[in-house]
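The sequence shown lines up with residues -25 to -1, 1 to 389 when you count with mature numbering (1 follows the signal peptide of the UniProt record, and there is no 0).
Note that CB positions come from ideal geometry on N, CA and C, so glycine has one too.
Reading through the structure tokens given below for one structure.
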Amino acid sequence: MCAKYFYWCSTLAYLSVLSHVSVHTQNVQDVKKLSESLDNFALKFLAKTSRQIGDSANLAVSPYTIWNLLNILREGALENTATELENALGIPPNQNNDEFRATYQRFANYLNKQGDSEVTLDTTNSIFTAADQKLKPEYLRIVQNFYNTEIKSVDFRDVNSAVSIINNRIKEATRGRISNFVKPDDVENAEVFLSSVLFFKGMWVNQFNKSKTTREPFYDDNGNQIGVVDMMNSFNPYPFSLVLDGKAIAAELPYKGNVSMIAILPKRGHTLSSVLDTLENTSFSKVLDALEQSVIDFGEDPVYMHIPKFSIISDLTINVILDQMGIRDLLNDRNANLLGMFYHLLHVSRVLQRAEIQVDEEGTVASAVAGSVIEYKTTPPKFVANKPFAYFIVDKISRAIVFAGKLSNPRKLS
């Protein structure tokens, strides 16, 4: 008899950037604690994934979609399976479920800026189930009402039909950017397939002049040239600060609206891997606080910004990463307890993520003091990203990291 299991994938669309609209500010103070849990998860996930793929590999990930799906699974988990998920997600054991769901709903609704907005940031959650694989009514009510999850019945015995249905939904949610993510082998013998899709599209506040983009060398952590990049150049006001006890420089490249890319560049004598290791055990709010303080201290002082155009696609199986984060029972066919979700025992057999990002002159399609500040009143500083650096796409109001990655090797760019 075929093993009973289900697949889970999370995907992110690549970003381009063309629209102009206006943001409606709203009070999201009540979700900042939730976003701190997301950020802590994101930094750990990024550091562990970076270690797994190696220092020379480029990376694009969407911690938010992973975190999102883990929360959806947590709602159906019991006993130790639930405890492991709560610990990894940073949810206190005494957390009131109704309060958490209401806060989560406000948080997700805020991130899904739609319509009259200067950025597009949409998420789509789907659960595809076999016709005879029923979800428990209470679980169904929770994920539909609080997690905005759509439920679709598919016939997994007809593998090609199941693949077509899932891929068409992902293609629709990513505006056509991802069209053939799921392969027949991915759904063979499957009972349930979960997906979470994030689509981001934003335009720079300060767009780069294409005529000033030049071919320039790119170096590794040791100063050896390993390739060339199309370096975008700008001289505009950018928040800019030393962070992580002087190990790195952070710069904020704002999009129109409330979203920014935060680029973190190691200082001489420090590698990107060591910076990511430090970030793994640091509150990301300290980086954002340092950048905000630089604006208070130096106002609109301009910065010479040099950052490559880049496009990165990452296809990852992240079972090992989740295991390293303490999520083990969920992936174990003997220990997984998802009986709050299903009527019989199932486990998650494979966790996939595809993430794509494109950064160009117009914008992005897809991120011992609280950051000592650089004094640069005399000579404008330079942020020259001509060696490995990390990037984060962050919602500035909630401070949530929705996308992250690193650029380490220009020869491996998409």
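Go through its chain and collect everything with a Cβ distance to Leu234's Cβ below 6 angstroms, but skip five positions before and after it.
Correcting the residue identity first, residue 234 is Val in this sequence and not Leu. Val94, Gly177 and Asp370.
Quick check for students: name the residue ranges of the beta strand (DSSP E) that lie wholly in the region 253 to 321, counting only runs of 3 or more.
277 to 283 and 285 to 292
Do residue 391 and Val262 have their CB atoms nearer than 8 angstroms?
The question about residue 391 has no answer here: the residues shown for the chain are numbered -25 through 389.
Can you tell me whether Thr24 is buried or exposed? The criterion is at least 16 other CB atoms within 10 Å of its CB, across all chains shown.
buried
Classify Leu53 as buried or exposed, calling it buried when 16 or more other Cβ atoms lie within 10 Å of its own Cβ.
exposed
Going by the CB atoms, is the gap between Ala379 and Phe364 shorter than 8 angstroms?
no
Taking the alpha helix (DSSP H) that Tyr114 falls in, what are its first and last residues?
Here the alpha helix (DSSP H) through Tyr114 covers Pro112 to Asn120.
In chain order, what residues of the same chain have a beta carbon less than 8 angstroms from the beta carbon of Gln200, not counting five sequence neighbours either side?
Pro192, Phe193 and Tyr194
Tell me the DSSP secondary structure of residue 390 in three-state form.
Residue 390 is absent from the structure shown; the chain starts at -25 and stops at 389.
Nearest residue (CA-CA) to Leu266, options Asp161, Glu227, Ala63 and Ile296
In terms of Cα proximity to Leu266, the closest of Asp161, Glu227, Ala63 and Ile296 is Glu227.
Would Lys231 be called buried (16 or more neighbouring beta carbons within 10 Å of its own) or exposed?
buried
Over what stretch of residues does the beta strand (DSSP E) that includes Phe183 continue unbroken?
Segment: none, Phe183 is in no beta strand (DSSP E) and carries neither H nor E.
Whole angstroms is fine: what's the gap from Glu331's alpha carbon to Ser289's?
6 angstroms
Among the residues of its own chain, which have a CB less than 6 angstroms from the CB of Gly51, if the five just before and after it don't count?
Tyr114, Leu313, Gly315 and Met316
When you compare only the Cα positions, how much space is there between Asn2 and Ile372?
Unreliable placement is indicated for Asn2, whose pLDDT of 42 sits below 50; no coordinate value is reported for it.
Under a three-way DSSP split, which group does Ser12 fall into?
The answer is helix: DSSP assigns Ser12 an H, G or I state.
Mapping the DSSP letters down to three states, classify Pro159 as helix, strand or coil.
helix
Return the chain-ordered list of same chain residues with a C-beta closer than 6 angstroms to the C-beta of His30, the five sequence neighbours on each side being excluded.
Just to set this straight, residue 30 is Asp in the shown sequence, not His. If we look at Asp30 and ignore the five residues flanking it on each side, its Cβ neighbours are Ser248.
Determine the burial state of Thr(-1): buried for a count of at least 16 other Cβ atoms within 10 Å of its Cβ, exposed for fewer.
Residue confidence is low: Thr(-1) scores 36 on pLDDT, short of 50, so the model does not pin down where it sits. Its coordinate-derived value is still stated next. So Thr(-1) counts as exposed.
How is Ile368 classed by DSSP in three states: helix, strand or coil?
strand
Three-state secondary structure (DSSP) at Pro356?
coil
The beta strand (DSSP E) that contains Asp205, what's its start and end?
For Asp205, the uninterrupted beta strand (DSSP E) run begins and ends at Gln200 to Pro212, by DSSP.
Under 8 angstroms: do the region 128 to 141 and the region 153 to 171 share three or more Cβ pairs, one atom per stretch?
yes
Indicate whether Phe20 and Ile224 have their beta-carbon atoms separated by less than 8 angstroms.
Against a cut-off of 8 angstroms, the Cβ pair of Ile224 and Phe20 comes out as no contact.
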